[in-house]
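A short worksheet on the structure shown next.
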Amino acid sequence: MNGKNLSEQLAFSKLYEAYAPMVYRRCMFLLKDEAEAKDMVQNVFLRVYERMDSLDLSQPSSLLWNTATRLCLNRIRDKRRRGLDVDSSELLLNIACAEEDDGREAGGILSRIFSKEQESTRTIAVLHYVDGMTLEETAETVGLSVSGVRKRLRTLQTKVKNLEVER
Numbered sequence: 015m016n017g018k019n020l021s022e023q024l025a026f027s028k029l030y031e032a033y034a035p036m037v038y039r040r041c042m043f044l045l046k047d048e049a050e051a052k053d054m055v056q057n058v059f060l061r062v063y064e065r066m067d068s069l070d071l072s073q074p075s076s077l078l079w080n081t082a083t084r085l086c087l088n089r090i091r092d093k094r095r096r097g098l099d100v101d102s103s104e105l106l107l108n109i110a111c112a113e114e115d116d117g118r119e120a121g122g123i124l125s126r127i128f129s130k131e132q133e134s135t136r137t138i139a140v141l142h143y144v145d146g147m148t149l150e151e152t153a154e155t156v157g158l159s160v161s162g163v164r165k166r167l168r169t170l171q172t173k174v175k176n177l178e179v180e181r
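Start counting the sequence shown at 15; every next residue gets the next number (our numbering).
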C-alpha cells in the first residue's frame with residue numbers, strides 16, 4: 015500500500031474487512047460469476063483506495079454499494095457490446111440497464127426512455143425494480159431523498175404508460 019501512511023492503510027484494511035462481503039454479494043448478484051465478482055470486488059476497493067483522500071467515507075456502505083453497482087453494470091454493458099454471452103436469466107437486468115435487447119419490444123421501449131434520463135435514474139430503477147430495494151434503501155444508496163427517488167420512478171412509469179398509448 016505505497017503512498018499511504020500507516021493510519022490510512024489501517025483504516026482501509028478495516029473498511030475492506032467490514033464491507034468486502036457486502037460488495038462481493040452485490041457483485042455476485044449482478045454478475046452471476048464467482049471469478050468476475052471477486053475481480054470486481056478488487057476493482058471497487060482499488061478505486062476507493064486510490065481516491066480515499068477525496069472521498070466522503072462517512073457512509074461507506076452507500077459509497078461501496080454504488081461503486082460496485084456501477085462497475086458491475088458497466089462490465090455487463092461492455093460484455094454485451096462485445097457480443098459475449100450474458101445469461102438469459104439477466105433479461106430484467108439488461109432491460110433495466112436500457113441496453114438494446116436483440117429487438118425485444120420491452121427493451122426497445124425502455125432504451126428509448128432511459129436514453130433521455132440521467133445515469134442515476136437507471137441505477138434507481140435497477141435498485142428498486144430488479145433488486146427489490148425499498149424507496150428508503152434506494153434513496154440512501156444513491157444519495158437522494160425518498161421523494162426524489164419516488165419522483166424519478168413516477169416519471170419513468172408515466173413515460174412507459176405514454177409509450178404504451180402511442181403504440
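Note that the Cβ used here is the ideal one computed from N, Cα and C, for glycine as well. Here the structure is a predicted model, which is why all the values come from computation and not from measurement.
Opening and closing residue of the alpha helix (DSSP H) in which residue i lies
| i | result |
| --- | --- |
| T152 | L149 to V156 |
| L60 | E48 to E64 |
| L141 | L141 -> no alpha helix (DSSP H), and no H or E assigned at all. |
| L69 | It is not in any alpha helix (DSSP H) - L69 carries neither H nor E in the DSSP assignment. |
| E22 | L20 to L45 |
Rounded C-alpha distance that separates residue i from residue j
| i | j | result |
| --- | --- | --- |
| F128 | T135 | 8 Å |
| S76 | R89 | 20 Å |
| Y33 | R168 | 32 Å |
| K18 | F26 | 10 Å |
| D70 | R94 | 33 Å |
| W79 | V156 | 9 Å |
| E150 | K130 | 25 Å |
| D145 | R40 | 10 Å |
| L29 | Y38 | 14 Å |
| R65 | D47 | 27 Å |
| M147 | S68 | 28 Å |
| M54 | P35 | 12 Å |
Burial state of residue i (16 or more Cβ within 10 Å)
| i | result |
| --- | --- |
| T137 | buried |
| A139 | buried |
| T172 | exposed |
| A49 | exposed |
| L44 | buried |
| L141 | buried |
| T152 | buried |
| S21 | exposed |
| L24 | exposed |
| R166 | buried |
Near the ligand MG: residue i beta-carbon under 6 Å from a heavy atom
| i | result |
| --- | --- |
| T148 | Annotation note on the ligand MG: not contained in the displayed structure, which lists no ligands. |
At least three beta-carbon pairs within less than 8 Å, the region 60-72 to the region 156-172: Here the region 60-72 does not lie against the region 156-172, with fewer than 3 beta-carbon pairs under 8 Å apart.
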